[in-house]
Amino acid sequence: MLDKTYDAHAVEEKRYRMWEDAGAFRCDPKSSASPYTIMMPPPNVTGSLHMGHALTFTLQDVLIRYFRMTGRDTLWQPGTDHAGIATQMVVERNLAAEGKTRHDLGREAFVDTVWEWKAHSGGTIQNQLRRLGSSPDWPRERFTMDDGLSRAVVKVFVQLHKQGLMYRDKRLVNWDPKLHTAISDLEVEQRPTDGQMWYFRYPVQGEPDRFVVVGTTRPETMLGDTGVAVHPEDERYTDLVGKTVILPIVDRPIPVVADEYADPEKGSGAVKITPAHDFNDFEVGRRCGLEMINVLDRDARLNENAPAEFQGMDRFDARARIVERMEALGLLEKIEPNPMTVPYGDRSGVVIEPWLTDQWFVDAAELAKAPIKAVEEGRTRFVPAHWSNVFFEWMRNIQPWCVSRQIWWGHRIPAWYGPDGTIFVEETEAEAQAAARTHYGADVALERDADVLDTWFSSALWPFSTLGWPDETPELARYYPGNVLVTGFDIIFFWVARMMMFGHHFMGDVPFRDVYIHALVRDEKGQKMSKSKGNVIDPLDLSEQYGTDALRFTLTAMAAQGRDIKMSESRVQGYRNFATKLWNAARFCQMNGCAASPDFDPAGVTSTLNRWIVARAAATAGTVGAAIEAYRFNEAAQALYQFTWNTFCDWFLEFAKPVFNGDDAAAAAETRATAAWVLDLILVTLHPVMPYVTEELWQSLAETRDTPLIRARWPDRPGLVAPDAEAEMDWLVGLITALRSVRAEMNVPPAARLAILVKDASDTTRARLATHRDLVGTLARVDAIDHVTEAPASGSAQIVVDEATVILPLADVIDLDAERARLSRDVAKQDGEIAKLAKKLANEGFLAKAPAEVVAENRERLADLEATRDRLKEALARIG
RNA sequence: GGGCGCGUAGCUCAGCGGGAGAGCACUCGCUUCACACGCGAGGGGUCGCUGGUUCAAUCCCAGCCGCGCCCA
């Protein structure tokens, strides 16, 4: 016998271990089944599970478990990425606690230390995923720094280089002066700031008392100014173009150039140009042939190119000093408040400097062409579709991707430099030496590039590197491309777009057919969860408190397309209650001897009740499957919830009680078997969302099962329909509901059993009443049902059900005024509807232009309403 | 400044051209032999505002107001 409530703690660990030990999560490359692949977005190796993970992995697991049950050969590829900067920071922080820096250890020893850290602390999230019930193919787990994946990285780098798509260039990059590395545009956070605009006067050479006023938000960069730009059509400055101004403090003559970047509407219309410290200025400098003078060092202090008094000074101290000096020189025109955005490093939290350095770049614009085409042609489909616009916007304006990072933890760039700086990019040092020998005609000492690659470079290879590429493995042939990538919108650029670029380039096909973009999980008030706000809800706490299935059901039910999820504990609690409800329904079935039989044929049931529930069950399975396949997770959850609770528990099981206790042994047996079959169907269809409670019930309810539930087959019975049974049961439900309603309203004591009279019943209604006499009796507490032609004059409550009027003699309890009020209110309600419909049907435009079936439907509805209204009026007349 | 999304019951949200829905909360009743994490019955909404298209608009279009996000 099952316990009275479901104990998630006792079940989850046991069931998970059973699945994993049995190899239930594995793909089967030799299978003849059609494959279904999801590449798990590899979480950061330093990470631990947060609510966003819980959502994304729950949805992926729902898909995987569903398709596994439909008979597909599923591969859910798990793994983690090495998170270059984040991981290095964690290990450096540990070293700092011992008073050491990575430089004390040296590169090799430091990298060894990181590997040790990973061995001890790196597996957190994998175990948390297990607690979430995720069913990826664990034995195939990969890490972006694995030998195989590293080999793929080197191969890709070398090939791109040989194809001219990977190159070294001196360009401005986003420099993090704290971490001492370049970072990508995407790792820069633009923070709104109340800045200032300083207006400086630059003297025009050879024209005493003439000045050009330029505005700047970063005065310290003026030391690197190499020009002043004005708009070519700005008449105020036409005569100045080609002349020279003297850069104050530095006393450097710099040219005035014409360039459309200068906005005549903004400030003075003239703008100082610092090509080595501003992305826009860099472009202007290129166009106008201006010199590039780098005045900052790697710490963002002023360097040797600045005047002596500034050298070694911090950028912000220098800013204050510059302003002072300009003011002293009488060259500070004015200062205005200026709302602006300032770039910060998302890891370091310091202001990022555009800085001129030598870095490796990928020609992203070229690689973006094929993915753009793929999305345009629908070979990769975004769901919801509007995300494709975001994708296009970024891909069509893409900048060269800076992939080198000045850190130690990561894939070291396979480039070697000869004594004269010639670059040899090869897969191994030996090959680089050979290439150098060919180039120089002799052996020379080579120095390897010190930098490593951006972590996202290796993540971009994930859909094929995890399958064995560059080797041509059977897995690669079978599981690439994947079916769907499930992720949040925040990594469309970081990761999705880059996988598409490399997937196309190296595999010649899209990496996945669908990209399902889900919502962000927020707190109850709709705020983004963050550690600093202290509003983080730990999914594992919820899982601990309410059970993993409740958490998973909540996330699934709330995953409506296009809307963020506001996580609320009361919802989780509600779905915990749902799990308990299911548990108790199963317990009831067990207590009543409802045993699943392999011989049971749902198409062969005879009673209306059983034909009805079988049809509804089959329809629900269809709805749920279709919803999951369309990524409409909330609809799947809703259909499951409604069928299980509101159809199966509230009605079917209640109807079954009198059958079980009745005299008709054959009907009882059929109903027992049907109940068992429907319960099994509920367990199967609910399993992708609530794997634990369903598996536990599946194994507890029957002595032997051919397979664990995780490997059971999804029901596919589209032929199980019974419209006549559904109509009959809908009528019965309506009758019982109406009886209960009038009893409650008339304050009939709940325990009191009534005899009812039925007037004007059709043959159909008479037959239905005869069939379901016991069910009405039990559920509406009715003792006797008699047909009459004349209603008793008074002392009754009356309800209208279709053509029939049901009379409840309530001589002892009836409050005639209350009954009159109730009937009058019903009449008024019908009249309101009738008026609306009559108006619509009187409209000639409607009759002429609306589809015939809509007109007919409205006519029918009107007739029904009028008939009901008339019977209600008669009932009202009877009580006077 | 550009783009995207969202304003539906007290709260959280589905629905999205032809009869306003769910969960939670609320009210009333119930020791009904699976379940009080329950059962039964209820109350509650000019579907942000203004126009337009249409026989018909919560749904489509335009503008406005409010909120959020992304990009500059």
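Quick note: the first sequence uses full-length UniProt numbering, first residue 1, plus one each step. All C-beta atoms, glycine included, are put in the ideal place defined by N, C-alpha and C.
Check, Outcome
"Cβ neighbours of V111 in the same chain (closer than 7 angstroms, five flanking residues each side left out)", "W408, W409"
"Per DSSP, cross-strand counterpart(s) of F391", "Its beta-bridge partners do not exist; DSSP assigns none."
"Under the three-state DSSP convention, the category I407 falls into", "coil"
"Assigned exposure category for S465 - 16 Cβ within 10 Å defines buried", "buried"
"6 angstroms CB neighbourhood of R26 in its chain, flanking five on each side removed", "D137"
"Separation of A619 from L453, as counted between CA atoms", "52 angstroms"
"Residue nearest to T216 in terms of C-alpha spacing, selected from E233, V323, V605", "V323"
"Per-residue DSSP class, three states only, for E116", "helix"
"Selection from P691, P29, R820 that minimises the alpha carbon distance to A8", "P691"
"Nearest-angstrom Cβ-Cβ length linking T56 and P42, presumed shorter than 8 angstroms", "Going by Cβ atoms, the distance from T56 to P42 rounds to 12 angstroms, so no, they are not a contact pair."
"DSSP-derived helix/strand/coil call for F25", "coil"
"N-terminal and C-terminal residue of the beta strand (DSSP E) that V800 is part of", "796 to 801"
"Integer Cβ distance of H504 from V510, believed to fall under 8 angstroms", "7 angstroms"
"Identity of the residues DSSP links to I756 by a beta bridge", "I785"
"Of the residues Q196, C288, H277, the one placed nearest G267, counting alpha carbons only", "Q196"
"Same chain, Cβ closer than 7 angstroms to R711, neighbours up to 5 away in sequence not counted", "A24"
"Of the listed residues E376, D259, W698, N305, nearest to A276 (C-alpha basis)", "N305"
"Simplified DSSP state of R632, which is helix, strand or coil", "coil"
"Start and end residues, beta strand (DSSP E) containing D176", "166 to 176"
"Through-space distance from A761 to residue 881, alpha-carbon basis", "The first residue shown for the chain is 1 and the last is 880, placing residue 881 beyond what the model contains."
"Cut-off 8 angstroms between Cβ atoms - residues of its own chain near R210, not counting five sequence neighbours on either side", "P203, V204"
"Start and end residues, alpha helix (DSSP H) containing V154", "147 to 162"
"Expected contact under 8 angstroms - CB spacing of F361 and I492 to nearest Å", "Actually they are not in contact, since the Cβ atoms of F361 and I492 sit about 21 angstroms apart, beyond 8 angstroms."
"The segment 367 to 377 in contact with the segment 284 to 293 per 3-pair CB rule at 8 angstroms", "no"
"Nonlocal neighbours in the same chain, by C-beta distance under 6 angstroms from S34, ignoring five residues either side", "R72"
"Beta bridge counterpart(s) of G488 as assigned by DSSP", "H518"
"Cβ-Cβ separation, G625 to W714 (assumed contact under 8 angstroms), whole Å", "6 angstroms"
"Residue range of the alpha helix (DSSP H) that includes N338", "Taken as a continuous stretch (DSSP letters only), N338 belongs to no alpha helix (DSSP H), being part of the beta strand (DSSP E) at 332 to 345."
"Residue(s) in a DSSP beta bridge with L808", "A797"
"Bridge partner(s) assigned by DSSP for F211", "P203"
"Cβ pair T608, Y6 closer than 8 angstroms", "no"
"One or two residues paired with D664 in a DSSP bridge", "Answer is none; D664 lacks a bridge partner."
"Close beta carbons around N303, own chain, < 8 angstroms, minus the five adjacent residues each side", "N294, V295, L296, D297, Q311"
"Limits of the unbroken alpha helix (DSSP H) element including R65", "51 to 69"
"Assigned exposure category for T87 - 16 Cβ within 10 Å defines buried", "buried"
"Identity of the residues DSSP links to F493 by a beta bridge", "In the DSSP output, where bridge partners are listed per residue, F493 has none listed."
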